[in-house]
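In the UniProt record's numbering, the protein residues as written are 1 to 285. A virtual CB, placed ideally from N, CA and C, is assigned to each residue, including glycine.
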């Protein structure tokens, strides 16, 4: 993986220390995992098929770890060099790019099978300067237009975000539709102040049943995504306080099986097996 050129954009959301604290916080890990699993459900990708996904606002790679576990190949973009530095230190599998998404993307048309974004889209509603091209509508237009081009037909893009008003939702959805997307807003647990989550599910082409809009969740299923995170936490061998548990560790055999799975799914960048496979690395923090 090539190292991104760390020239700071105009607005940096995390310093080095804050980026590491954010990544180590188990509450943040839980929230990120829950919403990433839900975004993948809404993407509705064909099972057991290789896919290249774009993680918009990938940060330190918390959502990317879920994509790894699910067997996807991914590319991540983020505006904060400090978060990408942490992702590099943690040796995430995805390719990383330093990118202000409000300036648009430069990927080749049809590069990605889908895109996810967790807690990022609302930042495009902030105007960087008083110049008209830095206004939220201009930034949203560049973002959605270039994203639409970068996605395959048919495909989906799923954004979990935090709108502050119905006007913001209307602005975002109207500009996405002008860029060529179908789809709209999905609200999980709309009657719960604590569990309520807003997703923008955008559709590219592919009419018919394959591209029918999914429905929001309601009722008891709020516990399901948390249960999945607890299972993942057990696999990583940590308790809710982030301490190592006396459980079966991820050994060489597990790694070899995982690498073989990646190869069967068409991933080209799987490292070769060697005597160093499964070795213990020094902790980053």
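Exposure label - residue i; buried when at least 16 CB within 10 Å
i, result
"residue 65", "buried"
"residue 213", "exposed"
"residue 78", "buried"
"residue 219", "exposed"
"residue 256", "exposed"
"residue 117", "buried"
"residue 110", "exposed"
"residue 162", "exposed"
"residue 196", "exposed"
"residue 27", "exposed"
"residue 166", "exposed"
"residue 20", "buried"
"residue 188", "buried"
"residue 36", "buried"
"residue 263", "exposed"
Through-space distance from residue j to residue i, alpha-carbon basis
i, j, result
"residue 273", "residue 74", "22 Å"
"residue 52", "residue 113", "5 Å"
"residue 204", "residue 105", "17 Å"
"residue 180", "residue 152", "13 Å"
"residue 201", "residue 154", "13 Å"
"residue 72", "residue 29", "19 Å"
"residue 271", "residue 259", "8 Å"
"residue 16", "residue 82", "5 Å"
"residue 140", "residue 178", "11 Å"
"residue 133", "residue 46", "39 Å"
"residue 18", "residue 175", "33 Å"
"residue 60", "residue 211", "31 Å"
"residue 183", "residue 253", "43 Å"
"residue 193", "residue 186", "16 Å"
"residue 32", "residue 98", "20 Å"
"residue 57", "residue 122", "11 Å"
"residue 34", "residue 96", "22 Å"
"residue 208", "residue 44", "Caution is warranted here: a pLDDT of 43 is assigned to residue 208, below 50, making its placement in the model unreliable, and the coordinate value is therefore given only provisionally. Approximately 14 Å, taken between the alpha carbons."
"residue 126", "residue 76", "22 Å"
"residue 80", "residue 48", "33 Å"
"residue 147", "residue 120", "15 Å"
"residue 138", "residue 38", "29 Å"
"residue 173", "residue 145", "13 Å"
"residue 277", "residue 25", "28 Å"
"residue 130", "residue 150", "29 Å"
"residue 135", "residue 170", "16 Å"
"residue 100", "residue 91", "22 Å"
Range covered by the beta strand (DSSP E) that runs through residue i
i, result
"residue 198", "197 to 204"
"residue 115", "112 to 118"
"residue 92", "Note, residue 92: premise wrong, no beta strand (DSSP E); not H, not E."
"residue 277", "That residue, residue 277, is in no beta strand (DSSP E); it is neither H nor E in DSSP."
"residue 217", "Note, residue 217: premise wrong, no beta strand (DSSP E); not H, not E."
"residue 133", "From DSSP, residue 133 is part of no beta strand (DSSP E); its letter is neither H nor E."
"residue 53", "52 to 56"
"residue 270", "Run containing residue 270: none; DSSP gives neither H nor E here."
"residue 76", "73 to 78"
Extent of the continuous alpha helix (DSSP H) to which residue i belongs
i, result
"residue 38", "26 to 43"
"residue 68", "62 to 69"
Beta-carbon separation (whole angstroms), residue i vs residue j, contact threshold 8 Å
i, j, result
"residue 115", "residue 157", "4 Å"
"residue 84", "residue 23", "So it is not a contact: roughly 12 Å between Cβ atoms."
"residue 55", "residue 42", "About 15 Å; that fails the 8 Å criterion."
"residue 159", "residue 199", "7 Å"
"residue 102", "residue 124", "5 Å"
"residue 216", "residue 190", "7 Å"
"residue 89", "residue 40", "25 Å between Cβ atoms; not a contact."
CB contact check: residue i to chain D, cutoff 8 Å
i, result
"residue 194", "The structure shown contains no chain D, having only a single protein chain."
- Message: Quick check on the DSSP output: what are the complete alpha helix (DSSP H) runs of length 4 or more inside the segment 140 to 194, in order along the chain?
- Response: As summarised for the segment 140 to 194, the continuous alpha helix (DSSP H) elements at least 4 residues long and confined to that stretch are 166 to 178, given in chain order.
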